[in-house]
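Enquirer: Submitted below is the structure of interest, expressed as structure tokens.
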Amino acid sequence: MLAAHKHETKFTHNDLKPSNILIKDGHISGIIDWGKAGWYPDYWEYGSATRQKTFRQDWNIILDRAIVDPTAN
1 MLAAHKHETK FTHNDLKPSN ILIKDGHISG IIDWGKAGWY PDYWEYGSAT
51 RQKTFRQDWN IILDRAIVDP TAN
């Protein structure tokens, strides 16, 4: 449960989705569209990214490898 933990405030993108991630030669070369970025609790990026509408069916698998789920023990 998130409320049981103390969370730090972090600067985060807040709109992470495949169309905002630039790939070159199979590696991330940049992240664009920082218009929604701001200071949020450390769990915010993971939560907002998992709720993105995307055609990639493997998006949540990619996120689980790239971002640590703050609710995981």
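Residue 21 in UniProt numbering is what sits at position 21 of the sequence shown, and the numbering runs on without skipping anything. By construction, the Cβ of each residue, glycine as well, lies at the ideal position given by its N, Cα and C atoms. No experiment lies behind these values; they were computed from the predicted model shown.
1. What's the gap between the Cα of Tyr43 and the Cα of His7?
2. So what does DSSP say about Tyr46, is it helix, strand or coil?
3. I want to know whether the region 7-20 touches the region 41-60 - three or more CB-CB distances under 8 Å.
4. Is it the case that the region 27-36 contacts the region 52-61, given that we only count it when at least three CB pairs across the two stretches are under 8 Å?
5. Which whole runs of the beta strand (DSSP E) in the region 13-48 are 3 residues long or more, in chain order?
Expert: Looking at the atomic coordinates:
1. Start at 1 with the first residue of the sequence shown, and residue 43 comes out as number 43. Start at 1 with the first residue of the sequence shown, and residue 7 comes out as number 7. Roughly 8 Å between the two C-alpha positions.
2. Taking the sequence shown and counting its residues from 1, the one referred to as residue 46 is at position 46. Looking at Tyr46 - three-state DSSP - the assignment turns out to be helix.
3. yes
4. Taking a contact to require three or more Cβ pairs closer than 8 Å, the region 52-61 and the region 27-36 do not qualify as touching.
5. 21-24, 27-31 and 38-41
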